[in-house]
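Residue numbers (our numbering), protein chains in the order written: chain A, 4 to 264; chain D, 4 to 264.
Yeah, the Cβ is synthetic: ideal placement off N, Cα and C, and Gly gets one too.
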């Protein structure tokens, strides 16, 4: 494992929206509590929805424990492969909060208490409460930009294409709102959902033919089990509105030729 | 990427419970629909709880799209690092169900229609409904064991230390119940949760000292935000009951010395 691979491209805070090309992202959830089941993750679904809505393709999610080597390895694997990497969790003041140090090591950057964050602390706590533990939360890698936190004050940060965010969902969501306007976004993936009624086995062949004929769309088929029987939702996804409408009609026409469910 | 790394150890279906050593697992969730946000994952929390309850440490989770290279890469990375790998999703009959083929490629094994699964199909469908698409669901890598599916009939499968399960939660859960008795399990990790009341910044230093003094426990600190203020839950985890009780008492005694929240 190399410690400092380069990101796939430099994405700076003033990137403007290009609207045409494909922008990708990964999410790294950091925390023993998610892996033990004690805490149920609420951030994956939020980030997935948010990315889709602004035209970023979330391509991979990893959940790793509070272990430095695992975090470094995942940060380096994901930041070099996707346009952006978001991390959640592990930026508090306690001994198990090692995300900032791990990200600094992943980039080979020094890390120290950031005077900008100390200033924010001073507006929130009396001096005697700015303990060494709280100052841990002010440590960010050299050169990092801060990510505003309107919910609880202490910021996340950004190093190159990596955004380091809180794990508490309300705080993470506020940080995401703060950083989103600075993201480069691609052409939005549009989708239509069709309830096919029948089980997947009945529609699989004609649906596969439609997918084959339209490589510029992604047709997903999602079985569900309800009232003792299987049925399927078909989701057609495309970046072009007209293509989406045409392929959706084709799926509906195909379903109309099948015996009623 | 090598195509056929060896698993860290051979785990066969008749492994008996050892009760002492540490058994690890990873979960690989396969599906575009989770990454797009259209479907919210319900399997991660279930597998995390289940593993914890039977003494297996879930150490990593990945979510990847329905893309063969991504699936193969994740399967090989995870099966070689942990005792077990569970996958969910992508074993239906449609064109986007490529998990079985990807797992076969990851192991370098041939894959074909399995007569045992065709027999199960024949008990469920009339012959004319055993379509080529449905037969896709009968394809498993050579030498795979089947994982019983009491919910909807068609089985998952196991190759070495990799269990390939359905994505629909009720079906996946049934399969997990079926395979769990065959797993080797370690000594269960026990835990105690203490509501510390105060924000993390207040308890971080004394809590860090307690963690340092007890390297055989894992002390987690989980902030939450409620009614406009931060508080913290402390979770002490240990495999030994007496150690757990002693460290929990130490945390409670420490909290009692702090000013009231």
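With respect to residue 51/A, residue 38/D sits close: the two C-beta atoms are nearer than 7 Å.
Residue 251/A is positioned such that its CB atom lies closer than 7 Å to that of residue 239/A.
Neighbours of residue 174/D across chain A, judged by C-beta separation under 7 Å: 228. At a beta-carbon threshold of 7 Å, the residues of chain A lying near residue 97/D are 203, 207, 210, 211, 224, ordered along the chain. Taking a cut-off of 8 Å for Cβ pairs, the stretch 156 to 173 of chain D and the stretch 77 to 85 of chain D touch, as three or more such pairs fall below it. If only complete runs of 4 or more residues are kept, the stretch 97 to 178 of chain D shows the alpha helix (DSSP H) at 102 to 110, 118 to 127, 135 to 139, in order along the chain. In the assembly as shown, residue 44/A is a buried residue. Its beta-carbon has 16 or more other beta-carbons within 10 Å. Of all residues in the stretch 57 to 90 of chain A, those with a C-beta nearer than 7 Å to a C-beta of chain D are 61, 62, 63, 64, 65, 66, 67, 68, reading in chain order.
Taking residue 255/D as the centre and dropping the five residues before and after it, the same chain places the C-beta of 197 closer than 7 Å to its C-beta, in chain order.
Within chain A, the residues 48 have their CB atoms less than 7 Å from the CB of residue 43/D, given in chain order. Around the beta carbon of residue 261/A, a 10 Å sphere encloses fewer than 16 other beta carbons of the protein chains shown; the residue is thus reported as exposed. The Cβ atoms of residue 188/A and residue 26/A lie closer than 7 Å to each other. Among the CB atoms of chain A, none fall inside 7 Å of the CB of residue 254/D.
Under DSSP, residue 33/A takes part in a beta bridge, and its partners are 67/A.
Rounded to whole angstroms, the Cβ separation of residue 71/D and residue 120/D is 22 Å, and the two are not in contact under 8 Å. Residues 191 of the same chain have their beta carbon placed closer than 8 Å to that of residue 56/A, with the five preceding and five following residues left out of the count.
Interface with chain A (7 Å Cβ-Cβ cutoff): residue 145/D is excluded. Secondary-structure assignment with DSSP links residue 49/D through no beta bridge to anything. About 7 Å separates the beta carbon of residue 168/D from that of residue 150/D, a gap short enough to meet the 8 Å contact definition. If only uninterrupted beta strand (DSSP E) runs of at least 3 residues are considered, those enclosed by the stretch 213 to 255 of chain D are 221 to 229, 232 to 241. Contact between residue 193/D and residue 241/D is confirmed by a C-beta separation of about 6 Å, below the 8 Å threshold. According to the DSSP assignment, residue 87/D belongs to the beta strand (DSSP E) that extends over 87 to 91. Taking residue 228/D as reference, the option from 202/D, 245/D, 243/D, 219/D with the minimal CA-CA separation is 202/D. Rounded to the nearest whole angstrom, the C-alpha separation of residue 263/D and residue 96/D is 60 Å. Proximity of residue 163/A to chain D, defined by a Cβ-Cβ separation below 7 Å, is not satisfied.
If you draw a straight line from the Cα of residue 117/D to the Cα of residue 138/D, it comes to about 9 Å.
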